[in-house]
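A.B. asks: The sequence shown begins at 1 in full-length UniProt numbering and counts up by one. Note that the Cβ used here is the ideal one computed from N, Cα and C, for glycine as well. Model, not experiment: these values are computed from the prediction.
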Amino acid sequence: MVSLIVEYWDRLNDSLNFWAVIGFLGQAVFSARFFIQWLHAERVRRSEIPLTFWYISIAGGIILLVYAVHIANMVFIVGQLMGLVVYARNLHLIYKSRRTGRIEA
């Protein structure tokens, strides 16, 4: 049992490199969007998603996609690509409604 733990710990230490830093950076940026949404909701005293949330989602998603491509993890790649489509579509809808002056509920 102890040897399994030591072996696992060694594998974890071996995975700490430049690309792990990129992965952690992407995860930090991506996670920051929830903090921003929470602060925004507290400021306006209601639950809504600020525009910054979508931009940070795209930034974090791109960084995580780069990391996923580097580690060649197809599940991670597809998940990040699908998320990026959703984030970009939300931004498109926001700007489209602002251009036309229509606010959709």
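1) Between the Cα of V29 and the Cα atoms of M74, V86, I63 and S97, which residue gives the shortest distance?
2) What residues in its chain sit with their C-beta under 8 Å from that of I56, if we drop five residues either side in the sequence?
3) Ordered along the chain, which non-local residues of its own chain (more than five positions away) have a Cβ less than 7 Å from that of G61?
4) What is the DSSP secondary structure of A105, reduced to helix, strand or coil?
5) Can we say the segment 36-56 touches the segment 10-18, given the rule of at least three CB pairs closer than 8 Å?
C.D. replies: Here's the rundown:
1) Taking the sequence shown and counting its residues from 1, the one referred to as residue 29 is at position 29. That would be I63, whose Cα lies nearest to the Cα of V29.
2) Taking the sequence shown and counting its residues from 1, the one referred to as residue 56 is at position 56. Taking I56 as the centre and dropping the five residues before and after it, the same chain places the C-beta of V29, F30, A32, R33 and I36 closer than 8 Å to its C-beta, in chain order.
3) On the sequence shown, position 61 is the one that residue 61 refers to. Within the same chain, G61 has close Cβ partners F30, Q80, G83, L84 and Y87.
4) Your numbering for residue 105 matches position 105 in the sequence shown. Only weak support exists for where A105 lies, its pLDDT of 49 falling under 50; the value from the coordinates is given anyway. Looking at A105 - three-state DSSP - the assignment turns out to be coil, as it is neither helix nor strand.
5) The answer is no - the segment 10-18 does not touch the segment 36-56, with fewer than three Cβ pairs under 8 Å.
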